[in-house]
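As numbered in this note's numbering, residues 139 to 247 make up the sequence shown, in order. Note that CB positions come from ideal geometry on N, CA and C, so glycine has one too.
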Amino acid sequence: MGKLLEFPNKLSLTIRSGRQHRIAVKVIDTINPRLTRWVTQFFVQEAEFNAHTGFSDELVANGDKHRFDVTSTRAVRRFIAGTLHLVSDDKLAIWVDGVRVCPLVTRRA
Numbered sequence: 139m140g141k142l143l144e145f146p147n148k149l150s151l152t153i154r155s156g157r158q159h160r161i162a163v164k165v166i167d168t169i170n171p172r173l174t175r176w177v178t179q180f181f182v183q184e185a186e187f188n189a190h191t192g193f194s195d196e197l198v199a200n201g202d203k204h205r206f207d208v209t210s211t212r213a214v215r216r217f218i219a220g221t222l223h224l225v226s227d228d229k230l231a232i233w234v235d236g237v238r239v240c241p242l243v244t245r246r247a
């Protein structure tokens, strides 16, 4: 007889309301980091962040974080929702105001 394992399906991060947020993004994909950076850059542009400069393939190759400021809580939530699949696949690490984003996925055994 097996036991069902259930995990909550909520995001384990509560984003505080406020005008200033600091986001750090690090690509940890070892197979295709360039593609992961391109997808992340797309969501950065969709959220209309002013973070286009500095997020390059060279930065990703060095294993550095790309940091930028955001002035809208709604934009931060939209960015996290768009990149959540990369975070759950362990291709991307995101920190919002110093707290790492960790999705909790519902799975049934």
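If you draw a straight line from the C-alpha of A219 to the C-alpha of I169, how long is it? Taking the sequence shown and counting its residues from 1, one reaches residue 219 at position 81. Taking the sequence shown and counting its residues from 1, one reaches residue 169 at position 31. Answer to the nearest angstrom: the Cα atoms are 23 Å apart.
Give a yes or no on whether the C-beta atoms belonging to I166 and D228 are separated by under 9 Å. Residue mapping note: residue 166 aligns to position 28 of the sequence shown, counting from 1. Residue mapping note: residue 228 aligns to position 90 of the sequence shown, counting from 1. In contact: I166 and D228 (Cβ atoms closer than 9 Å).
Count the other C-beta atoms from every protein chain shown that fall within 10 angstroms of the C-beta of A199, then say buried if there are 16 or more, exposed otherwise. The residue labelled residue 199 in the question sits at position 61 within the sequence shown. Around the Cβ of A199, a 10 Å sphere holds fewer than 16 other Cβ atoms; the residue is exposed.
Please classify F278: does DSSP put it in a helix, a strand, or coil? Outside the displayed range of the chain (139 to 247) lies residue 278, so it cannot be described from this structure.
Is the distance from the Cβ of F193 to the Cβ of V182 below 9 Å? What you label residue 193 is simply residue 55 of the sequence shown in a count that begins at 1. What you label residue 182 is simply residue 44 of the sequence shown in a count that begins at 1. Yes, these two residues count as a Cβ contact at 9 Å.
Compute the Euclidean distance between the alpha carbons of H204 and L222, then round it to the nearest angstrom. In the sequence shown, the residue the question calls residue 204 occupies position 66. In the sequence shown, the residue the question calls residue 222 occupies position 84. CA-to-CA, the gap between H204 and L222 works out to about 17 Å.
Determine the direct distance from the alpha carbon of E196 to that of D202, and round the result to whole angstroms. The count along the sequence shown starts at 1 and reaches residue 202 at position 64. The count along the sequence shown starts at 1 and reaches residue 196 at position 58. In this structure, the straight-line span from the alpha carbon of D202 to that of E196 is close to 9 Å.
Where does L173 land, buried or exposed, given buried means 16+ other C-beta within 10 angstroms? Stepping through the sequence shown from its first residue, residue 173 is reached at position 35. Result: exposed.
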